[in-house]
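Visitor: Its first residue numbered 240, the sequence shown is counted upward by one per residue in this note's numbering.
Think of the CB as a built atom: it goes at the ideal place given N, C-alpha and C, for glycine as much as any other residue.
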Amino acid sequence: VNAVDEDSQFTYRKIKDNSEIELTGYIGNSNTVNIPGTIENLDVSSIGEGAFENKTAIESVKFTSKVTNIDKNAFKGCASLKTLTKMNEVASIGESAFEGCSSLESFVFPSNVTEVSSRVFYGCSSLSSIEVHRNIETIGRDPFSGTKWYNGQPDGILTAGKIAFSYKGDITDIEIPLDIEKINNYA
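The following block contains the structure:
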């Protein structure tokens with residue numbers, strides 16, 4: 240059951256046996272969003288599927304240390320979104336979570352994240368800096384297509400952390416770096 244928190248302008252629901260809160264929507268109109276740490280004295284631990292989808296006025300989102308999950312399509316189409324802060328505890332970022340966030344310029348994967356979901360930054364045309372740590376175990380399909388970062392990579396094998404996830408350009412010869420531990424299905 241979705242509820243509305245009048246003070247924070249979010250819709251939400253209780254999850255995990257009513258012990259935590261998942262934001263399900265944003266009904267505010269500010270360009271700066273501060274994710275609340277608690278609602279109804281319960282930790283806000285998750286940003287639900289499509290919760291901020293197509294909220295084009297949002298420019299900045301500040302998370303709290305309580306948020307561990309960002310579900311699929313959570314911020315999809317937030318074309319003005321440029322800044323994401325305090326994402327340190329996030330462990331899961333869903334498919335297409337930031338797809339089409341064309342103003343986003345940089346992203347550092349939190350160290351708890353082990354999977355880069357499919358299309359997570361697809362079409363983020365301003366995204367020129369992506370930092371991926373070596374804890375990443377899986378990379379989905381087309382996570383960085385349409386970004387400045389992807390377009391700026393030289394032809395050859397594209398890697399993130401210890402994973403080869405794609406090949407860019409015409410294939411003639413392939414030389415796999417020694418530190419690569421996994422080659423993705425769609426590489």
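From valine 283 to isoleucine 254, what distance separates their C-alpha atoms?
Guide: Translated into the one-based positions of the sequence shown, residue 283 becomes position 44. Translated into the one-based positions of the sequence shown, residue 254 becomes position 15. Those two C-alpha atoms are separated by around 10 Å.
Visitor: Can you give me the C-alpha to C-alpha distance between aspartate 256 and asparagine 390, rounded to a whole angstrom?
Guide: What you label residue 256 is simply residue 17 of the sequence shown in a count that begins at 1. What you label residue 390 is simply residue 151 of the sequence shown in a count that begins at 1. Roughly 44 Å separates the two Cα atoms.
Visitor: Helix, strand or coil for tyrosine 361 per DSSP?
Guide: Counted from its first residue, the sequence shown places residue 361 at position 122. Three-state result, tyrosine 361: coil.
Visitor: Which of the three DSSP states, helix, strand or coil, is assigned to asparagine 390?
Guide: Residue 390 sits at position 151 when you count from the first residue of the sequence shown. Helix.
Visitor: Can you name the start and end residues of the beta strand (DSSP E) that arginine 252 belongs to?
Guide: Sequence index remark: in the sequence shown, residue 252 carries index 13 (1-based). Element bounds for arginine 252: 249-254.
Visitor: Per the DSSP calculation, serine 284 is bridged to which residue(s)?
Guide: As a position in the sequence shown, residue 284 is number 45, starting the count at 1. Answer is none; serine 284 lacks a bridge partner.
Visitor: Whole angstroms is fine: what's the gap from lysine 325's alpha carbon to isoleucine 309's?
Guide: Here the question's residue 325 lines up with position 86 in the sequence shown. Here the question's residue 309 lines up with position 70 in the sequence shown. About 13 Å.
Visitor: Would you kindly check if the distance between the Cβ of lysine 401 and the Cβ of isoleucine 419 is under 8 Å?
Guide: For the purposes of this step, residue 419 is identified with residue 180 of the sequence shown, where counting begins at 1. For the purposes of this step, residue 401 is identified with residue 162 of the sequence shown, where counting begins at 1. Result yes, Cβ atoms of isoleucine 419 and lysine 401 sit closer than 8 Å.
Visitor: Serine 368: which of Glu354, Asp409, Lys301 and Ala399 sits nearest, CA to CA?
Guide: Taking the sequence shown and counting its residues from 1, the one referred to as residue 368 is at position 129. Serine 368 has its Cα closest to that of Ala399, out of Glu354, Asp409, Lys301 and Ala399.
Visitor: Could you spell out the range, first to last residue, of the beta strand (DSSP E) harbouring asparagine 273?
Guide: As a position in the sequence shown, residue 273 is number 34, starting the count at 1. Looking at the DSSP string, the run of the beta strand (DSSP E) that includes asparagine 273 is 271-273.
Visitor: For arginine 358, is the classification buried or exposed, using 16 other Cβ atoms within 10 angstroms of its Cβ as the cut-off for buried?
Guide: In the sequence shown, residue 358 corresponds to position 119, counting from 1. So arginine 358 counts as buried.
Visitor: What number of angstroms, rounded off, separates the C-alpha of alanine 313 from the C-alpha of asparagine 280?
Guide: As a position in the sequence shown, residue 313 is number 74, starting the count at 1. As a position in the sequence shown, residue 280 is number 41, starting the count at 1. Each residue's alpha carbon lies about 23 Å from the other.
Visitor: Quick check on the DSSP output: the beta strand (DSSP E) that includes phenylalanine 210 runs from which residue to which?
Guide: An answer regarding residue 210 cannot be provided, because it is not within the stretch 240 to 426 covered by the chain.
Visitor: So, with DSSP's three-state summary, where would you put glycine 267?
Guide: Within the sequence shown, residue 267 is the residue found at index 28, counting from 1. Coil at glycine 267, not helix or strand.
Visitor: Assuming tyrosine 361 and glycine 385 are in contact, meaning their beta carbons sit under 8 Å apart, how far apart are those beta carbons, in whole angstroms?
Guide: Here residue 361 corresponds to residue number 122 of the sequence shown, with the count starting at 1. Here residue 385 corresponds to residue number 146 of the sequence shown, with the count starting at 1. Right, the Cβ-Cβ distance comes to about 6 Å (below 8 Å), so this counts as a contact.
Visitor: Taking only the alpha-carbon atoms, compute the straight-line gap between threonine 295 and serine 331 and give it to the nearest angstrom.
Guide: By one-based count along the sequence shown, residue 295 stands at place 56. By one-based count along the sequence shown, residue 331 stands at place 92. The straight-line gap from Cα to Cα measures roughly 23 Å.
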